[in-house]
Amino acid sequence: MPPSLGTGFAQRLAPELGLGLSIFRCRLTRELTLPRPADATQPETLLFGFNSFANQASTTAPPQLSSVQITSSDIGFTTVLPADIDIFLLGIAVQKTLLLSWLNQADGPLPTILTTRQPVVLDALLTPEIEWVLAQLAEPHTTPYLYSFFYRIKVQELLYFLFQELARREAIPARPLHTADVQKLYQVRAALLASLGTPPSVPALAQAA
């Protein structure tokens, strides 16, 4: 990583056909925006963004929630990485056909995100199990003949724990989504996090959304 941006490392990996990973472990000197435009040519790809933030007590930056964002590739999305916070970001792009091949022996119904034809946007807090797996990915692995095997297994573990968490949620009917709607929802989320000590103005938030 260029010293002008901060300290840390970034990695891009392709452990298997249909599976791509982007790993960032860093502490930035300034806020960094990572836009990802919608790609309607790849509607059968799901994108998982695991964001883990540490050592927030030592910074005056707005608090951040360690969470995972799940979107389909036909929804545009922008990730904003804050400055002066230890960041670990794992991005996973996986084709639905590959996910289905991993789950081909499933006894029960498949997760809705694998079967719906609607655009997908989900957000969930990181569970202790997910944090445990992410901690094993926090250092770069360079052994050529093992890295593909290692990362494929860890991705499967992450998605196993994530699908477990999503299965606990009450089923909600899918609704059409637009990129502008998603951006507004995350703007409201950022506004709430930036002023946790102040009661929110519901009318103002509703107008912003």
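Residues 0 to 208 (numbering that gives the first Met the number 0) are what the sequence shown spells out, left to right. The beta-carbon is built from N, C-alpha and C at its ideal position, and this holds for glycine as well.
Reduced DSSP secondary structure (H/G/I, E/B, other) of residue i
i           : result
residue 100 : helix
residue 40  : coil
residue 223 : For the chain, the structure presents residues 0 to 208; residue 223 sits outside this window and is missing.
residue 145 : coil
residue 137 : coil
residue 15  : strand
residue 111 : helix
residue 132 : helix
residue 119 : coil
residue 127 : helix
residue 82  : coil
residue 4   : coil
residue 161 : helix
residue 151 : helix
Among the options, the one whose alpha carbon lies nearest that of residue i
i           : options              : result
residue 64  : 116, 126, 35 and 27  : 126
residue 20  : 11, 28, 71 and 27    : 11
residue 128 : 103, 164 and 118     : 164
residue 4   : 17, 15, 31 and 14    : 31
residue 95  : 68, 18 and 36        : 18
residue 121 : 135, 109, 168 and 82 : 168
residue 85  : 155, 15, 152 and 23  : 23
residue 111 : 166, 154, 8 and 81   : 166
residue 135 : 93, 6 and 153        : 153
residue 36  : 1, 89, 78 and 114    : 78
residue 91  : 29, 1 and 50         : 50
residue 139 : 1, 109 and 25        : 25
residue 130 : 108, 156 and 109     : 156
Per-residue burial, residue i [other beta carbons within 10 Å of its own, 16 or more giving buried]
i           : result
residue 118 : buried
residue 103 : exposed
residue 76  : buried
residue 8   : exposed
residue 158 : buried
residue 148 : exposed
residue 98  : buried
residue 145 : exposed
residue 89  : buried
Inter-residue CB distance, residue i and residue j (contact presumed, cutoff 8 Å)
i          : j           : result
residue 14 : residue 151 : 5 Å
Beta-carbon spacing of residue i, residue j below 8 Å
i           : j           : result
residue 39  : residue 73  : yes
residue 210 : residue 162 : The chain is shown from 0 up to 208; residue 210 falls before or after that span and cannot be answered.
residue 69  : residue 52  : no
residue 45  : residue 66  : no
residue 87  : residue 123 : no
residue 27  : residue 80  : yes
Chain D contact for residue i (CB, 8 Å cutoff)
i          : result
residue 27 : This model lacks chain D altogether; it includes just one protein chain.
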